[in-house]
Amino acid sequence: MAQTRMVGRDAEMARIRTGLDKVAAGTGGCLVVEGAPGIGKSRLLTAATVYATELGVATAVGRATTLDHIAPLSTLLGAFRDDSSVVIDDFDQLGDPAVNRFWLIDQLGGRLERYVTRCPLLIVIDNVQWADELTALALRLLVPSLASSPVFWLLSCRTAATGSPGRSAVDLLIQEGVEPMELGPLDDEAVQTLCAVLLGSRPDRRLLGLARRSAGNPFLIEELLSRQVDLRRSVQRAEDLPSGGERVGAPDLSAGFVKAVQRHLQCLSPDAHRLLEAGAVLGRPFTVHEAAGLWGRRAVELVAAAEEALRQDALMETGTELSFRHDLIRESVLSAMPGPVRKVLHREAVTVLRAENRPASEIAEHLLYGSSQWNSQTVDALHSTIRQLARTAPSTAADLALRTLKAIGDHHTARPHLAAEAVVLLAAAGRLAEAQELGEATLEAGMPPETEAMLLYGVASAFKHAGRDDTAVRYTRRALELPNVATLVRAQVLAIQAHALLNVGTLEEARSAADQAVQIARSSTENPSVALGIAAQSISAQASGDISTAITLAGEAVQVADEHGGAVAQIHPRLWLGSAMTAADRFTEAAAVYEYGQREAHRFGTAWSHPLWHYHRAELWLARGLLDDAVVEAEAGLRIAERLTTMAMGVPLLAILSRLALLSGDLALARARLDGARRLAEQGIGSRIEDLTWTTALLQEAEGHPEGAVATLKPLIAALPTRVLLFTQEPGAAPRLVRLALKAGARDVACAVADAFSALSRRNPGCPSLAAADAHTRGLLEDDTAMLRAAVEAYQDSSRTPLRAEALEDLGRALQRSGHRHEAVDFIREAHGLFTAAGMRIDADRVCERLDRPQNARPAPQPSRRVPLAWSQLTLSEVKVAQLVAEGLTNREVATRLFLSPHTVDSHLRHIFSKLGLSSRVALTRWVIEQDTAKKAEV
């Protein structure tokens, strides 16, 4: 009995219509429909597609099945391949997800963005809790990135579902502000209306009483009443119905479903039952041929059974395949089957699916459920499938590995090696506690040294990329203590150890590990370890103050990566080359290096590197005094790290955002960002000591606690002059530290800082900023006006305008103290202009006090009467982005035009929308046209 119309969901449908009305007008969005099984989520989604079609909105509808988790991107791609009217350009040329999953998602996003420039789009994904891992990742990335485009995502998910990639993606989207809508039980009035719709007449007291015991669940009501109608048709008198109706336990819906469905299917023939049981075991849309194969029958023998199941509404047609009308029917059929029967059918499915050339991952599922003897051939097949899945879905591969380990038992000969791979996969998927627990348990059981070394290396590598440097070092040391570790493995372990020690060890330890890694790797032609080790040498050189050597070494690592490509190139040594060039004031070259490297990272799909690119670009823009651009880059890096759940760069990104908030005068935001960084650090996410220590001290200074700030900086001061990474990254930290120490009465600290910085400057004679900052530092320490003048002049050869502004202010203050007030005002006024232009509000306000003018003395630009919002509200970068968006370019096209990443463009758009009070690209385009029209009218 099929329900003819939706009942009791007017309010929910109104919310969906509102979202669709907005997308038709050009504003994107997302809505998550949650609810218990059978509560009506699918029916609501169907109604939404009907309304979207009426509005002229294109629709793409996908429905996840229980086996989707083993097929990369199958859920999302299925929405565009199965009876979809949406034609995406070059859709079939997207490629194999196994080759590059992040690149594939990026390309899919670009195609969707281009498509919706022509037509708004509704994307429906039903049963997200069963979506595959790559679809879940795509949702995490694409829903936010397409928020400004006319795309409306409508996702349904079971309320009780937990732990799956799809459910986790939904939870993350909700945390980021996506609107959830929970479907509750139908109220009593709706139950009565639904009964009347289903029966075609007003229900009698007995049927209504039966329906009310269904806990307001539409699917259960439908199945229960279907049974009663069948009984009523089979007898002539109503009084022959079972007295009081069927007793169905309303609170236990799962038991109620099974009983109701089984009663409803009692009338089916034995062959139809066999068909349904085979389909339930297959767990996805299936063909009659496949179902017949499970029972050893010919397909033609079950054709009549298929027609019968379709007439009974147990199955429905899905293209050339059959699928259950509702997932709960499939689950009920499966749960009602005896365990031994299910096992036999799973075993037969292996043979049938192999003959059908189905994916190895699907066959592996049936191997696990159907096998009882774990011979080497079966285990090898599962092992091969695990490796295949690992390329696109590490968490899914880890789950399969864990299930295989459980199935084969503790004494199988394949267990140590399989457990080692499972540990690596768990860590790579961010499931660190599980990885550590399984790793330790496996190590206690014992294994060959070569297997143990590879296990320890894999875990250390994964923990390093997850930001857990202390854990990574611990595992690498254990690996290096093993006897007879292969040269190749030793080089890999040392390279990872060197990078981890840069954050949690001493420079000497890190440099020693890097030197050993390079020496061993060169002798064994282990090129990835060569490049990684040289990169660690470069970072060590920069941290110790040898910037020229840091550039040379990083360039050598780039040369190795470019020469060998592949895995070597995916280490991305340009990250460290750009950082060293920034330290040398070679800003234009650094920007070019970052631009090229970031494009390469997008092409390779090395998602772990994306937050790093954004962080280093943020450092570059901060050095140049482009604070708004620095904020955009750092926010983009943090956002992509959160979406990918790879928070290794979380602490430095939050720390630089905290410093940027301080410079703009927002102490509350600075404190919140710093608190977030501290929470990550408490969770074990590592970072360089400079990140948290320096940011904490700056906040303490801004809050009026110079003595506390100096105390916080003791670890950094104690490391001088050996470790000077803070100064090579931020030369202006030296004069600021001296100023802070003098304010706190700690002249000894100021002297130590000045001496260390002078040595750094002498070591790098070709760096203008270091020479200028050295003069600046000495001028402050000795209260020497001539030295401060020299600093101001030296800063003219540097692009670090914020540092020149600070030197101008300090020179002006010194001149005021010496009685040269008129000259002092000129310097302070120039400093005020530079601070204001850079958006350094807290510094600009301080300088205003020196000029005897009230804070915020610079008049805010007044909007024209004919132009309600002026271009002056946007930065130069934002203006460029807005103009290109108004020309109809997608985010990726804008990124290509401006040599940015799509994530940076997305971050710029967020700022533009916030400043202008807009929410879509359509509205922004209209705004740009209005500004251009007003400008022409003025002319």
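Here the sequence shown stands for residues 1 to 939, where the numbers follow the UniProt record's numbering. Even glycine gets a Cβ: it sits at the ideal position worked out from N, Cα and C.
Item, Value
"Does DSSP classify cysteine 767 as helix, strand or coil?", "coil"
"Under 6 Å Cβ to Cβ from isoleucine 125, same chain only, skipping five residues before and after it: list those, please.", "Gly62, Leu155"
"Once you ignore the five residues that flank alanine 807 on each side, which residues in its own chain have a CB closer than 6 Å to its CB?", "His776, Ala791, Val792, Tyr795"
"Three-state secondary structure (DSSP) at aspartate 783?", "coil"
"Leaving out five residues on either side along the sequence, give the residues of the same chain with a beta carbon under 7 Å from the beta carbon of phenylalanine 727.", "Ala733, Ala734, Phe757, Leu760"
"At what residue ranges does the stretch 138 to 220 contain a whole run of the alpha helix (DSSP H), taking only runs of 4 or more?", "165 to 175, 188 to 199, 205 to 212"
"Smallest Cα separation from proline 144: which of Arg522, Glu481, Ile640?", "Ile640"
"Less than 9 Å between the C-beta atoms of alanine 479 and leucine 456, yes or no?", "yes"
"Helix, strand or coil for serine 269? Go by DSSP, reduced to three states.", "coil"
"CA-CA distance, valine 322 and serine 920?", "In the sequence as displayed, the identity of residue 322 is leucine instead of valine. Those two C-alpha atoms are separated by around 41 Å."
"Look at the alpha carbon of glycine 625 and the alpha carbon of valine 710, and state the distance between them as a whole number of angstroms.", "25 Å"
"State the beta-bridge partners of cysteine 30 as determined by DSSP.", "Trp153"
"By the DSSP assignment, the beta strand (DSSP E) with methionine 316 in it spans what residues?", "315 to 318"
"Classify leucine 876: buried if its beta carbon has 16 or more other beta carbons within 10 angstroms, exposed otherwise.", "exposed"
"With DSSP as the reference, label aspartate 585 as helix, strand or coil.", "coil"
"Please classify valine 42: does DSSP put it in a helix, a strand, or coil?", "Before going on, a small fix: residue 42 reads as serine here, not valine. Three-state result, serine 42: helix."
"Per DSSP, what kind of secondary structure is alanine 414 in: helix, strand or coil?", "coil"
"What three-state label does DSSP hand serine 323 in the structure shown?", "strand"
"Have a look at the DSSP bridge pairing and note the partners of aspartate 126.", "Arg63"
"Could you check if isoleucine 221 is buried or exposed, using at least 16 other CB atoms within 10 Å of its CB as the buried criterion?", "buried"
"When you compare each of Ala623, Cys848, Ser799 to phenylalanine 827 by their alpha carbons, which one comes out closest?", "Cys848"
"Quick check on this structure: which residue in Gln542, Val530, Ile547 has the alpha carbon closest to the alpha carbon of glutamine 570?", "Val530"
"Nearest CA to the CA of aspartate 783: which residue from Ser818, Ser798, Asn764?", "Ser818"
"With which residues is glycine 296 paired in a DSSP beta bridge?", "DSSP, once it has assigned bridges, lists no residue as partnering glycine 296."
"List the endpoints of the continuous alpha helix (DSSP H) containing glutamine 796.", "Careful: glutamine 796 lies outside any alpha helix (DSSP H) and carries neither H nor E."
"Identify, in the order they occur along the chain, each residue of the same chain with its Cβ nearer than 7 Å to the Cβ of histidine 616, setting aside the five sequence neighbours on each side.", "Leu575, Gly578, Ser579, Tyr594"
"Short of 6 Å in beta carbon distance, which residues of its chain neighbour isoleucine 105, apart from the five on each side in sequence? Order them along the chain.", "Ala138, Leu141"
"On the DSSP bridge list, what partners appear for leucine 121?", "Ala58, Val151"
"Examine the Cβ distances between the stretch 304 to 314 and the stretch 369 to 386 and report whether three or more of them are shorter than 8 Å.", "no"
"Check this for me: beta carbons of glutamate 452 and leucine 488, under 9 Å apart or not?", "no"
"Going along the chain, which residues of its own chain have a beta-carbon closer than 8 Å to the beta-carbon of threonine 18, five neighbours each way excluded?", "none"
"Would you call arginine 118 buried or exposed, if buried means 16 or more other Cβ atoms sit within 10 Å of its Cβ?", "exposed"
"Relative to the C-alpha of methionine 647, which residue among Gly184, His366, Leu67, His465 is closest?", "His465"
"Assuming contact is defined by CB atoms lying nearer than 9 Å, are arginine 846 and leucine 811 in contact in what I supplied?", "no"
"Helix or strand or just coil, what does DSSP make of phenylalanine 827?", "helix"
"Rounded to whole angstroms, what's the CA-CA distance from isoleucine 174 to proline 180? Just pull it up for me.", "7 Å"
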